[in-house]
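*Asks:*
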Amino acid sequence: MIEIQNLNLLECLDSKMQEMEDFLKNNTELPDRDNFLQLLEIAKTNMKTINSVVEENQRILGEIQELQQYLNEIKSRNRPQIS
540 MIEIQNLNLL ECLDSKMQEM EDFLKNNTEL PDRDNFLQLL EIAKTNMKTI NSVVEENQRI
600 LGEIQELQQY LNEIKSRNRP QIS
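So for the sequence shown, the numbering used here puts the first residue at 540; every next one is plus one.
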C-alpha cells in the first residue's frame, strides 16, 4: 500500500514539474526564468534518483516477502504433529 502511495505521489510531482517547465518555457519575460529552469532540471534529476530508489526498494520488498513465505512453509513443516 505504501509503495502505491509513493508511486502516485511521484507521478503527481512529475506532472507538476512538467507543468512548471511548460509555463517557464512559454513565459520568456519572467524574471529569473533561467534560474528556475536550472532548478527544475536539478529537481528532475533528483526525481529520477528517487524513482530508482523506490523501484529498488520494491524489488527488495518482494524478495523479503518471498523469503518470509518460504520461512513460514519451513516452520509449518517442522511443527510437531499432534495426534
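Each residue gets a CB set at the ideal place from its N, CA and C atoms; glycine is no exception.
1) Which class does Asn617 belong to by DSSP, given the choice of helix, strand or coil?
2) Would the beta-carbon of Leu549 fall within 8 Å of that of Met586?
3) Look at the alpha carbon of Leu569 and the alpha carbon of Glu605, and state the distance between them as a whole number of angstroms.
4) Taking the C-alpha atoms as reference points, what is the distance between Gln557 and Asn547?
5) Alpha carbon to alpha carbon, how far is Glu602 from Leu579? Give it in angstroms, no decimals.
6) Cys551: which of Gln577, Asn590, Asp571 sits nearest, CA to CA?
7) To the nearest angstrom, report how far apart Ile599 and Thr588 are at their CA atoms.
8) Just confirm the distance between the C-beta atoms of Asn565 and Arg572, as a whole number of angstroms; I'd bet it's less than 8 Å.
*Replies:* Let me lay it out:
1) helix
2) yes
3) 53 Å
4) 15 Å
5) 35 Å
6) Asn590
7) 17 Å
8) Not quite, the Cβ-Cβ distance comes to about 10 Å (not below 8 Å), so this is no contact.
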